[in-house]
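K.L.:
Last residue of the sequence shown? That's 387 in UniProt numbering, and every number before it is there in order. Heads up, the beta-carbon is just placed ideally off N, CA and C, and yes, glycines get one too. Source: prediction; values computed, not measured.
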Amino acid sequence: MKILLLAPQPFFQNRGTPIAVRLLAETLGKAGQEVHLLVFHEGEDLAMPNVTLHRTAALPFLRAIPPGFSWQKICCDLLMTAKAIQMQRQLGFDLVHAVEESVFIAMLLRLLFKVPYIYDLDSWMSDQLIAKLTVLRPFRSLLESFEKAAVRHSLGVVPVCRAIEDKIRSFNRDKSLLRLEDISLLEEGNFCQKEDVRTLTGCQGKIVMYVGNLERYQGMTLFLEAFTLADPAALDCSLVIIGGVAKDIAYYTEMAQQLGISKRVFFIGPRPASALGMYLTQADLLVSPRTEGENTPMKIYSYMDSGKPILATKIASHTQVLDESNAFLALPEPAALAAELRRVLTDNSEASKRAAQAKEKAADYSRPAYERKINRFYSELMQEMIR
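#1: Span of the beta strand (DSSP E) holding residue 209?
#2: Cα separation between residue 113 and residue 9?
#3: What are the residues that DSSP puts in a beta bridge with residue 237?
#4: Taking the alpha carbon of residue 207 as the point to measure from, which residue in 196, 291 and 80 has its own alpha carbon closest?
#5: Restricting to Cα atoms, I'd like to know which of 45, 43 and 24 is closest to residue 35.
#6: By DSSP's criteria, residue 173 is part of a beta bridge. Which residues make up the other side?
#7: Could you check the C-alpha separation between residue 13 and residue 63 for me, to the nearest Å?
#8: Rounded to the nearest angstrom, what separates residue 356 and residue 27 at their Cα positions?
#9: Can you tell me where the alpha helix (DSSP H) holding residue 290 begins and where it ends?
#10: Answer yes or no: do residue 307 and residue 217 have a C-beta to C-beta separation smaller than 8 Å?
#11: Tell me whether the region 237 to 247 and the region 305 to 319 touch, counting them as touching only if at least three CB pairs, one residue from each stretch, are closer than 8 Å.
#12: Given that a residue counts as buried once 16 or more other Cβ atoms are within 10 Å of its Cβ, and exposed if not, what is residue 167?
#13: Which two residues bound the contiguous alpha helix (DSSP H) that contains residue 395?
#14: Spatial neighbours of residue 129 within its chain, please: CB distance less than 7 Å, with the 5 preceding and 5 following residues excluded, ordered by chain position.
#15: Is the number of C-beta pairs between the region 144 to 158 and the region 99 to 119 that are closer than 8 Å three or more?
#16: Would residue 287 pass as a contact of residue 300 if the rule is Cβ separation under 8 Å?
#17: Going by C-alpha distance, which of 48, 200 and 324 is nearest residue 29?
#18: Please state the DSSP three-state secondary structure of residue 48.
#19: Do you know whose CA, among 376, 367, 86 and 210, lies nearest residue 285's CA?
#20: So, for residue 152: in the same chain, excluding its five sequence neighbours on each side, which residues have a beta-carbon less than 8 Å away from its beta-carbon?
#21: Mapping the DSSP letters down to three states, classify residue 159 as helix, strand or coil.
#22: Could you say which of 120, 249, 56 and 254 lies nearest to residue 182 if we only look at CA atoms?
#23: On the CB-based measure, 16 or more other CB atoms within 10 Å of its CB, does residue 124 come out buried or exposed?
#24: Would you report the Cα separation of residue 106 and residue 328, rounded to the nearest angstrom?
#25: Would residue 184 and residue 378 qualify as a contact pair, given that the criterion is a beta-carbon distance under 8 Å?
#26: Just list the beta strand (DSSP E) runs in the UniProt domain "Glycosyl transferase family 1" (205 to 359), keeping only unbroken ones of 3 residues or longer that don't cross its boundaries, in chain order.
#27: For residue 310, does the count of other Cβ atoms within 10 angstroms reach 16, so buried, or fall short, so exposed?
#28: With a Cβ-Cβ cutoff of 8 Å, do residue 214 and residue 259 count as a contact?
#29: Would you kindly report the start and end of the unbroken alpha helix (DSSP H) that includes residue 2?
#30: So, at 6 Å on beta carbons, what are the nonlocal neighbours of residue 53 in its own chain, with the 5 sequence-adjacent residues on each side left out?
#31: Within the same chain, show all residues whose beta-carbon is closer than 6 Å to that of residue 374, passing over the 5 residues directly before and after it, in chain order.
#32: Roughly how many angstroms lie between the CA atoms of residue 230 and residue 170, to the nearest whole one?
#33: May I ask you to list the residues that DSSP assigns as paired with residue 55?
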């Protein structure tokens, strides 16, 4: 089957959504599908079996496209629309697999060319837009009606987590649906220690580690405040932060200085996902202080697989996968998070017990399990297309 995979992001970059797109493209290609992956102009070229990479036009004013909603992304989405129409005319795809807002491009292709599409949801877009642009709050019903129409006209939907699945089922119980969680990125061979975090940073005591971007919703402001309240000097611990762009690192470096904890907080910038295991093994505690969102952060699955204790905020984004048996959870408030941080760093027995439970559960989020799910779903949809 000839598939157009629409992924409206820079590709490839070492962050959550592009990593998930790569996994999807590799899985479909491995299954023998002919995949044409259309992405934005920025990013690293990758070679994948049975996958042809296509890019939107590169315009000089479209550079360093950030995650989430932005005027740059709107421009790139328009360029992707034109490119997708051109590709459909030339190549005649059997199916479109549309990630996030590219579903509206897929809806247009369905209208023009009668080609069916799958809607792949990493989030409920209206919630994301309103969180970023509160001026849109009065238009929530209108925005949700667009999303519901995208679900209704699709051949099937692929939500990334239970919260989004529940939302879809609340208004469309009969739609073909596959809940396809992310997976652990810890692969055999990436635990070989090549960069020693202690040598690199000069950090002291136990290592509390965060991995990921530093967008506002990730809760780094919250965690720095909690870390200050917990008194890292008394706990003899340091915070090592992996990821983030230069402007965000500068912002939080200044915040750490203002809070008086700069000697205990270290930013080492982005590192490749292929080396993730090497860094996680050096941590004593892994944290995810996210403050909003419904989709489970991709890093959580690798955190679980690492066998290290996890501290996360008690929000739906985390509690779909984590609970009090396999992680330490706290309300997204500085005092509550600080109290739980002190607890996990001083109760070694309980920390080890919960880390072992998380490691055991991580087997449910492996690459083989992922491949079985997506291949079975595609097989069922192909049968439906034939009928």
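P.N.:
On the basis of the data shown:
#1: Membership of residue 209 in the beta strand (DSSP E) is indicated by the continuous run 206 to 211.
#2: Spanning the alpha carbons of residue 113 and residue 9 requires a straight line of approximately 24 Å.
#3: Paired residue(s): 206.
#4: For the options 196, 291 and 80, the alpha carbon positioned closest to that of residue 207 is the one of 196.
#5: Among 45, 43 and 24, the Cα nearest to that of residue 35 belongs to 24.
#6: For residue 173, no pairing in a beta bridge is given by DSSP.
#7: Rounded to the nearest angstrom, the two C-alpha atoms are 14 Å apart.
#8: About 29 Å.
#9: Bounds of any alpha helix (DSSP H) do not take in residue 290, whose DSSP letter is neither H nor E.
#10: Contact: no.
#11: The region 305 to 319 and the region 237 to 247 do not touch, with fewer than three beta-carbon pairs separated by less than 8 Å.
#12: It counts as buried.
#13: Absent from the structure is residue 395, since the part of the chain shown begins at 1 and ends at 387.
#14: Annotation for residue 129: 69, 136 and 143 place their beta carbon closer than 7 Å to its own, counting only its chain and skipping 5 residues before and after.
#15: They touch, by the three-pair rule.
#16: Remark: C-beta atoms of residue 287 and residue 300 do not approach each other more closely than 8 Å.
#17: For the options 48, 200 and 324, the alpha carbon positioned closest to that of residue 29 is the one of 48.
#18: In this structure, residue 48 counts as strand in the three-state DSSP scheme.
#19: Among 376, 367, 86 and 210, the Cα nearest to that of residue 285 belongs to 210.
#20: Excluding positions up to five away in sequence, the list reads 172 and 175.
#21: When DSSP states are grouped into helix, strand and coil, residue 159 belongs to the strand group.
#22: The shortest C-alpha separation from residue 182 is found at 120.
#23: By the neighbour-count criterion, in which a residue is buried when 16 or more other Cβ atoms sit within 10 angstroms of its Cβ, residue 124 is buried.
#24: C-alpha separation (whole angstroms): 41 Å.
#25: No, these two residues do not count as a Cβ contact at 8 Å.
#26: Along the length of the UniProt domain "Glycosyl transferase family 1" (205 to 359), whole beta strand (DSSP E) runs at least 3 residues long occupy 206 to 211, 237 to 242, 265 to 269, 285 to 288, 310 to 313 and 328 to 330, reported in chain order.
#27: Burial call: buried.
#28: Contact: no.
#29: Not the alpha helix (DSSP H): residue 2 falls in the beta strand (DSSP E), residues 2 to 6.
#30: Same-chain partners within the cutoff: 37.
#31: A distance below 6 Å between beta-carbons, with the five flanking residues on each side excluded, links residue 374 to the following residues of its chain, in chain order: 27.
#32: Taking the straight line from one Cα to the other gives about 41 Å.
#33: Beta bridge pairing from DSSP links residue 55 with 39.
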